[in-house]
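Enquirer: Protein chains in written order, with the numbering used here: chain A, 1 to 222; chain B, 223 to 349; chain C, 350 to 930.
We treat Cβ as the ideally placed atom computed from N, Cα and C, and that holds for glycine.
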Amino acid sequence: MTDNFEQELRFLQLRFIGKILAGFTHESKNYLAIIKESAGLIDDMIKLGKSGEAASSQFLEIIHSIEEQIERSTGLFKYLNRFSHRMDTQLSAFNCNEALEELMALVNRFANQKRIELAKDFQQDMPQIYGNPSMVQFLVFSFLEEIIKTLDKNSRIIIKTGTANGSVMIKIITDGNLLEVEREKEEFPYETYSTVLKRLNGKITLEAGAKTFTFPLKVSDI
Amino acid sequence: MSHTKVLLVDDEVEFASALAERLQMRDYDVKTASNGLEAMAIFHGSPPDIVILDLRIPGMDGLEILKNIKIFDPTIEVLILTGHGDIESVAEGMKSGAFEYIMKPIDIGELTSKIDMAMKKRISSRD
Amino acid sequence: MEQGNTKKKRLLDFVKPWLNAHDLFGIVSEDRYKRLRLRIVLLDAVLSMIPLLIVVTISYFWFLQILKDDFRNQMKWEIENSKQSIEFFVDQKLSGLRFLTSAYTYEQLSDQETLAGIFSKFKQECGGLVDLGIITPDGIQRSYVGPYNLKGKDYTNQDWFHEVIVRSVYVSDVFMGYRKLPHFAIAVKRENPGKGTFWILRATIDMETLKKYPYSMNLRENDDAFIITYDGTLQTPSRSHGNVLEKYNLPFSLHARATTIQDIIKPDGSPAIFGYAFINDSPWILVTIIKSNPYLKIPKIFKNELFIITLLSIIFSIALTFALAHTVVNRIKKADREREEAMASCEHASKMSTIGRLAAGVAHEINNPLAIINEKAGLMKDILEASGDLQKNRDKFINQINGIFDSVNRCRTITHRLLGFSRRMEISHDAFDFNDALKEVIGFIEKEILYRNITLNLNLADNIPKIESDKGQLQQVILNIINNAIDAVEEGGLIEVASGSKDINTVRVSIKDNGSGIPRDELKHIFEPFYSTKEKGKGTGLGLSISYGIMQKLGGTIHVDSEAGKGTTFTLEIPKKIGEG
Numbered sequence: 001m002t003d004n005f006e007q008e009l010r011f012l013q014l015r016f017i018g019k020i021l022a023g024f025t026h027e028s029k030n031y032l033a034i035i036k037e038s039a040g041l042i043d044d045m046i047k048l049g050k051s052g053e054a055a056s057s058q059f060l061e062i063i064h065s066i067e068e069q070i071e072r073s074t075g076l077f078k079y080l081n082r083f084s085h086r087m088d089t090q091l092s093a094f095n096c097n098e099a100l101e102e103l104m105a106l107v108n109r110f111a112n113q114k115r116i117e118l119a120k121d122f123q124q125d126m127p128q129i130y131g132n133p134s135m136v137q138f139l140v141f142s143f144l145e146e147i148i149k150t151l152d153k154n155s156r157i158i159i160k161t162g163t164a165n166g167s168v169m170i171k172i173i174t175d176g177n178l179l180e181v182e183r184e185k186e187e188f189p190y191e192t193y194s195t196v197l198k199r200l201n202g203k204i205t206l207e208a209g210a211k212t213f214t215f216p217l218k219v220s221d222i
Numbered sequence: 223m224s225h226t227k228v229l230l231v232d233d234e235v236e237f238a239s240a241l242a243e244r245l246q247m248r249d250y251d252v253k254t255a256s257n258g259l260e261a262m263a264i265f266h267g268s269p270p271d272i273v274i275l276d277l278r279i280p281g282m283d284g285l286e287i288l289k290n291i292k293i294f295d296p297t298i299e300v301l302i303l304t305g306h307g308d309i310e311s312v313a314e315g316m317k318s319g320a321f322e323y324i325m326k327p328i329d330i331g332e333l334t335s336k337i338d339m340a341m342k343k344r345i346s347s348r349d
Numbered sequence: 350m351e352q353g354n355t356k357k358k359r360l361l362d363f364v365k366p367w368l369n370a371h372d373l374f375g376i377v378s379e380d381r382y383k384r385l386r387l388r389i390v391l392l393d394a395v396l397s398m399i400p401l402l403i404v405v406t407i408s409y410f411w412f413l414q415i416l417k418d419d420f421r422n423q424m425k426w427e428i429e430n431s432k433q434s435i436e437f438f439v440d441q442k443l444s445g446l447r448f449l450t451s452a453y454t455y456e457q458l459s460d461q462e463t464l465a466g467i468f469s470k471f472k473q474e475c476g477g478l479v480d481l482g483i484i485t486p487d488g489i490q491r492s493y494v495g496p497y498n499l500k501g502k503d504y505t506n507q508d509w510f511h512e513v514i515v516r517s518v519y520v521s522d523v524f525m526g527y528r529k530l531p532h533f534a535i536a537v538k539r540e541n542p543g544k545g546t547f548w549i550l551r552a553t554i555d556m557e558t559l560k561k562y563p564y565s566m567n568l569r570e571n572d573d574a575f576i577i578t579y580d581g582t583l584q585t586p587s588r589s590h591g592n593v594l595e596k597y598n599l600p601f602s603l604h605a606r607a608t609t610i611q612d613i614i615k616p617d618g619s620p621a622i623f624g625y626a627f628i629n630d631s632p633w634i635l636v637t638i639i640k641s642n643p644y645l646k647i648p649k650i651f652k653n654e655l656f657i658i659t660l661l662s663i664i665f666s667i668a669l670t671f672a673l674a675h676t677v678v679n680r681i682k683k684a685d686r687e688r689e690e691a692m693a694s695c696e697h698a699s700k701m702s703t704i705g706r707l708a709a710g711v712a713h714e715i716n717n718p719l720a721i722i723n724e725k726a727g728l729m730k731d732i733l734e735a736s737g738d739l740q741k742n743r744d745k746f747i748n749q750i751n752g753i754f755d756s757v758n759r760c761r762t763i764t765h766r767l768l769g770f771s772r773r774m775e776i777s778h779d780a781f782d783f784n785d786a787l788k789e790v791i792g793f794i795e796k797e798i799l800y801r802n803i804t805l806n807l808n809l810a811d812n813i814p815k816i817e818s819d820k821g822q823l824q825q826v827i828l829n830i831i832n833n834a835i836d837a838v839e840e841g842g843l844i845e846v847a848s849g850s851k852d853i854n855t856v857r858v859s860i861k862d863n864g865s866g867i868p869r870d871e872l873k874h875i876f877e878p879f880y881s882t883k884e885k886g887k888g889t890g891l892g893l894s895i896s897y898g899i900m901q902k903l904g905g906t907i908h909v910d911s912e913a914g915k916g917t918t919f920t921l922e923i924p925k926k927i928g929e930g
């Protein structure tokens, strides 16, 4: 009985978080799998009585790989942590670059599946924005998800941040061919996202020609 | 530095023993404790030069232990171990007199250099 | 075929309404607002009409009173007028006689011829004069001109003779006279200056002239005016109260000397207005009886106008009330929606916050096992670098590797939690066994049921194939319903759960309890948000409305059937594939 738009939005937002967490879990599972395999390999090596320099150097390589996976995992969980903390409050002051960085780390997997490169072009010394960071992440993700669906393999998406006219600007630039994708029942709810952005005191401009989406967001007074 | 006496306080036994062993191999004299009580017992037994302390151990609050150490002997330097994103406890720890902090998972090289720096400070402050 | 089915469906929809809360739910909330609107309109309309009607009624009667008073004043004035005219008439006649007595001497007047001459002249001027006569102090009529044979008549025994000696003036009441027509007599006494004697001049006047005075009054049908004597004998003919010299029964004794108006009830029971005035220097009283109420004609018009105005006012005020009620109820509706929205928004924020905390917790926890793996790997590296050969510390290595395995498993468990609640965010379409899902839910509340001595009967059909839907959310709905059933039966009750296939595309489950039941008029509201039959403080009232929403999302339905005191049955129907059924 509540406003359907609001209901829809909440649902979409929760779905977004679900996707992120799921994606994240799968990625970390991958790392763990590699670690396990590597450990298993060493186990085998030792139990098989391998020795000698070759074995030793292989051993060291494997150890190195394990350490690498650990580093990756740590990084991933660091992003997860930051991402999770943003869900605590509806309003806060946040740094746009950091929020996007987390998002990209957690979305990488989706892009990788299609071998689409996610690159960032962030302006340094970005001022803080006062708003709902989780919502901003949700919005950007929604557009990214849609773009990834419609982009051909081996394309590139560049997320660019900058300031212009007292607003923070997030630009999503696509570099690659667009696919003719069969539209599912639900059209991309552009209106919905546009409204959400309005609430965050921002707006979307689509430059379809250059395939860039710009979301200017207001800068906080902090 | 050779034979710096290190006390490693962490409730993850697997972690502590592996790390202790690695440090031993690097010529540090390491003892481990998995909770506050054990730590304090070792303290009164044979006090260390440096303490590596995980703030999140159960029982006695990690911060409590840090404060107690500083009261016991302010020249004993404490390095605090922390997980990523635990900024608040790091800040608190530093305020309460910790020398440095180091994130888990640890880079062994970083840890040893920090231990050495702490030791240098301890020596200079003892004199 | 398609049309037939649609028609059948529409017919079913028509028939089902009061049994099927699901169909009802679409209009239930509207219904609540409709009733509220109606209540406001009725209350407001009635309240606003009361003062209107009071004012109108008071005005009407007040106006009526004014008209009445006005009319009476008019009547009084007319009577006054007539009375004065009659008095003038009488006075005139008396003056005439007095003039005669001063203009002519007794000797002249007692001469028959002279008297006859004076009589005929006087008659010309004075209308109605019938006879004229002189009477001496001994009471004998010495000279007489007129139609009667009254010369020499002796009046000593007559009251009027003595009265005229005393008063010098006399007016008689009416009597039957010449030709059996009513007349009255007047007389004046003339003193002889210096001699100490007197004589009397008497005249008879016919009543015709007197008659015209009451008649001249403004009388309408049913009204009457006449002159009577003090004892009620009519002096002039009346329309409906008797003829001349007949007795009129006075409704009350008249004594007020001023013109008086009074309400009376006539012998036949009808009301009338009685007005009278004593006519000075005469034995007469002028009486007016008004039965017609001309002043009521005006009120009739007034009444009509008033009625129209009142009616218009009422219509206008009702229309206004409707508009007001509509606005107010819409505001309430809006406020309710906003409140629902606020609650939903709050719930959402808290959900987000919880997930955030859980996820952050996972991120924290995982640090330790990762750190362990890192250290062990590092240690192994160190050991190899120190010893140079793999086999030298093989046991040690194996130990470390096992430690790494353990930590990896630990990480797995921790991250698995993450997967657990990420799944709750979306509707999953996984296939699962419905009965198993049911039994799981029952498992959650087993202890509660045992503790409260409730009997649980499970009647699960064997042949239900797997369904593709959201197990978690479905279980949430079923759990909600069963919990409500437990609350309804309290100690020692009975809950029956039955599952089966409704048709090839739909699975059905019913949860029946023998608890207190839900009264019919509350039944319509149970799926509304914030509606709760539990005591204040118990439950948010959101459970069923959320369940309803979930069922809608899953493409299923939820029905309730209940009777106060007899128990409640909830029936869920779930399509085997989301999106169908």
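1. P133 (chain A) lies in the alpha helix (DSSP H); which residues open and close that run?
2. For a contact defined as C-beta to C-beta under 8 Å, what are the partners of K336 (chain B) on chain C?
3. Which one or two residues does DSSP pair with Q433 (chain C) in a beta bridge?
4. Is DSSP giving M126 (chain A) helix, strand or coil here?
5. To the nearest angstrom, how far is the alpha carbon of F59 (chain A) from that of V235 (chain B)?
6. Would you list the one or two residues that DSSP bridges to W633 (chain C)?
7. I'd like the list of long-range same chain contacts for T505 (chain C), defined as Cβ closer than 6 Å, with 5 residues on each side in sequence excluded.
8. Can a CB atom of chain B be found closer than 8 Å to the CB of K185 (chain A)?
9. Whole angstroms are fine: how far does the CA of H85 (chain A) sit from the CA of G710 (chain C)?
10. Any beta carbon from chain A within less than 8 Å of V757 (chain C)'s own beta carbon?
11. Verify whether the separation of the beta carbon atoms of T659 (chain C) and L401 (chain C) is less than 8 Å.
12. Going by Cα to Cα distance, which pick from C:G466, C:A837, C:K741 is closest to A913 (chain C)?
13. How many Å lie between D372 (chain C) and E696 (chain C) at the Cα?
14. Return yes when the Cβ of V439 (chain C) is within less than 8 Å of the Cβ of V631 (chain C), no when it is not.
15. On a Cα-Cα basis, can you pick out the residue from C:L903, C:G905, C:K383, C:Y409 that is closest to I650 (chain C)?
16. Distance check for H225 (chain B) and S347 (chain B), CA to CA, integer angstroms please.
17. Could you tell me which of C:D744, C:R686, C:G727, C:T454 sits nearest to D43 (chain A), measuring between CA atoms?
18. Strictly below 7 Å CB to CB, what residues from chain A border P270 (chain B)?
19. Can you list, in chain order, the stretches of the beta strand (DSSP E) that have 3 or more residues and sit fully within the region 236 to 320 of chain B?
20. With a threshold of 16 other CB atoms inside 10 Å of the CB of V395 (chain C), please say whether the residue is buried or exposed.
21. At what residues does the beta strand (DSSP E) containing R491 (chain C) begin and finish?
22. Could you tell me the boundaries of the beta strand (DSSP E) in which M169 (chain A) lies?
23. Please list the segments of the beta strand (DSSP E) lying wholly inside the region 58 to 133 of chain A, counting only runs of 3 or more residues, in order along the chain.
24. Distance cutoff 8 Å, beta carbons only. Does P327 (chain B) sit that close to anything in chain A?
25. So with Cβ pairs under 8 Å, would you call I264 (chain B) a contact of chain A?
26. D738 (chain C) CB to nearest chain A CB: under 8 Å?
27. Going straight from the alpha carbon of A626 (chain C) to that of E557 (chain C), what length do you get?
28. Quick one: what's M325 (chain B) bridged to in DSSP?
29. Out of curiosity, what's the CA-to-CA distance linking I389 (chain C) and L673 (chain C)?
30. Please classify P718 (chain C): does DSSP put it in a helix, a strand, or coil?
31. Quick one: what's got a C-beta closer than 7 Å to G315 (chain B)'s C-beta in the same chain, skipping five residues either side?
32. Any C-beta of chain C sitting closer than 8 Å to the C-beta of I293 (chain B)?
33. Tell me, please, whether the region 128 to 135 of chain A touches the region 144 to 164 of chain A by the rule of three or more beta-carbon pairs shorter than 8 Å.
34. So who's on the other strand from K926 (chain C), going by DSSP bridges?
35. What residue from C:E436, C:P620, C:T676 has the CA that sits closest to I535 (chain C)'s CA?
36. Taking DSSP as the reference, what is the three-state secondary structure of Y193 (chain A)?
Expert: This is what the structure gives:
1. Working through the first sequence from its first residue, we reach residue 133 (chain A) at position 133. Per DSSP, the continuous alpha helix (DSSP H) segment holding P133 (chain A) begins and ends at 133 to 150.
2. Counting from one through the second sequence, the residue named residue 336 (chain B) turns up at place 114. Those within 8 Å of K336 (chain B) in chain C number zero; the least Cβ separation is about 16 Å.
3. To locate residue 433 (chain C), count along the third sequence from 1; it is residue 84. According to DSSP, Q433 (chain C) bridges with nothing at all.
4. As a position in the first sequence, residue 126 (chain A) is number 126, starting the count at 1. If DSSP states are grouped into helix, strand and coil, M126 (chain A) belongs with coil.
5. Sequence index remark: in the first sequence, residue 59 (chain A) carries index 59 (1-based). Sequence index remark: in the second sequence, residue 235 (chain B) carries index 13 (1-based). The straight-line gap from Cα to Cα measures roughly 25 Å.
6. Start at 1 with the first residue of the third sequence, and residue 633 (chain C) comes out as number 284. In the DSSP output, where bridge partners are listed per residue, W633 (chain C) has C:T578.
7. Locating residue 505 (chain C) in the third sequence gives position 156, where the first residue counts as 1. G488.
8. Position 185 of the first sequence, counting from 1, holds the residue named residue 185 (chain A). The predicted position of K185 (chain A) is uncertain, since its pLDDT is 44 and thus under 50; a value taken from the coordinates is nonetheless stated next. Interface criterion not met: the Cβ of K185 (chain A) is under 8 Å from no Cβ in chain B.
9. Here residue 710 (chain C) refers to the residue found at position 361 of the third sequence. Here residue 85 (chain A) refers to the residue found at position 85 of the first sequence. So the alpha carbons of these two residues sit roughly 10 Å apart.
10. By one-based count along the third sequence, residue 757 (chain C) stands at place 408. It does; some Cβ of chain A falls within 8 Å.
11. The count along the third sequence starts at 1 and reaches residue 659 (chain C) at position 310. The count along the third sequence starts at 1 and reaches residue 401 (chain C) at position 52. Yes, these two residues count as a Cβ contact at 8 Å.
12. Start at 1 with the first residue of the third sequence, and residue 913 (chain C) comes out as number 564. Of C:G466, C:A837, C:K741, the residue nearest in Cα terms is C:A837.
13. On the third sequence, position 23 is the one that residue 372 (chain C) refers to. On the third sequence, position 347 is the one that residue 696 (chain C) refers to. Unreliable positioning characterises D372 (chain C) in this predicted model, as indicated by a pLDDT of 39, which lies under 50. A coordinate reading is not provided.
14. The residue you call residue 631 (chain C) lines up with position 282 of the third sequence. The residue you call residue 439 (chain C) lines up with position 90 of the third sequence. Per the sequence shown, the amino acid found at residue 631 (chain C) is Ser instead of Val. Result yes, Cβ atoms of S631 (chain C) and V439 (chain C) sit closer than 8 Å.
15. Here residue 650 (chain C) corresponds to residue number 301 of the third sequence, with the count starting at 1. Closest option to I650 (chain C), judged by alpha-carbon separation, among C:L903, C:G905, C:K383, C:Y409: C:Y409.
16. Within the second sequence, residue 347 (chain B) is the residue found at index 125, counting from 1. Within the second sequence, residue 225 (chain B) is the residue found at index 3, counting from 1. Straight-line Cα distance between these residues: approximately 18 Å.
17. Residue numbering aside, residue 43 (chain A) sits at position 43 when the first sequence is read from its first letter. Out of C:D744, C:R686, C:G727, C:T454, C:D744 has the C-alpha closest to the C-alpha of D43 (chain A).
18. By 1-based counting over the second sequence, the position of residue 270 (chain B) is 48. Near P270 (chain B) there are no residues of chain A at all, since even the closest Cβ is about 28 Å away, more than 7 Å.
19. 251 to 255, 272 to 276, 299 to 304
20. On the third sequence, residue 395 (chain C) is found 46 positions in, with the first residue counted as 1. With fewer than 16 other Cβ atoms within 10 Å, it is exposed.
21. Within the third sequence, the letter at position 142 stands for residue 491 (chain C). Unbroken beta strand (DSSP E) run through R491 (chain C): 490 to 494.
22. As a first step, residue 169 (chain A) is located in the first sequence; it is residue number 169 there, counting from the start. Per DSSP, the continuous beta strand (DSSP E) segment holding M169 (chain A) begins and ends at 167 to 175.
23. 92 to 95, 117 to 121, 128 to 131
24. Stepping through the second sequence from its first residue, residue 327 (chain B) is reached at position 105. For P327 (chain B), the answer is yes, since a Cβ of chain A falls inside 8 Å of its Cβ.
25. Against the second sequence, residue 264 (chain B) aligns to sequence position 42. No - not a single Cβ of chain A is within 8 Å of the one on I264 (chain B).
26. Within the third sequence, residue 738 (chain C) is the residue found at index 389, counting from 1. Interface criterion met: the Cβ of D738 (chain C) is under 8 Å from a Cβ in chain A.
27. Counting from one through the third sequence, the residue named residue 626 (chain C) turns up at place 277. Counting from one through the third sequence, the residue named residue 557 (chain C) turns up at place 208. In a straight line, the C-alpha of A626 (chain C) is about 20 Å away from that of E557 (chain C).
28. In the second sequence, residue 325 (chain B) corresponds to position 103, counting from 1. For M325 (chain B), DSSP records a beta bridge to B:T304.
29. One-based indexing of the third sequence puts residue 389 (chain C) at position 40. One-based indexing of the third sequence puts residue 673 (chain C) at position 324. The straight-line gap from Cα to Cα measures roughly 9 Å.
30. Position 369 of the third sequence, counted from the start, is the residue given in the question as residue 718 (chain C). Three-state DSSP puts P718 (chain C) in a helix.
31. Position 93 of the second sequence holds residue 315 (chain B). So the qualifying residues of the chain are L277, L285, L288, I302, Y323.
32. As a first step, residue 293 (chain B) must be located in the second sequence, where it is residue number 71. No, its Cβ sits nowhere closer than 8 Å to a Cβ of chain C.
33. no
34. For this step, residue 926 (chain C) is matched to residue 577 along the third sequence. Paired residues: C:E817.
35. Translated into positions along the third sequence, residue 535 (chain C) becomes position 186. Residue C:E436 is the option with its Cα nearest to I535 (chain C).
36. In the first sequence, counting from the first residue as 1, residue 193 (chain A) sits at position 193. The answer is helix: DSSP assigns Y193 (chain A) an H, G or I state.
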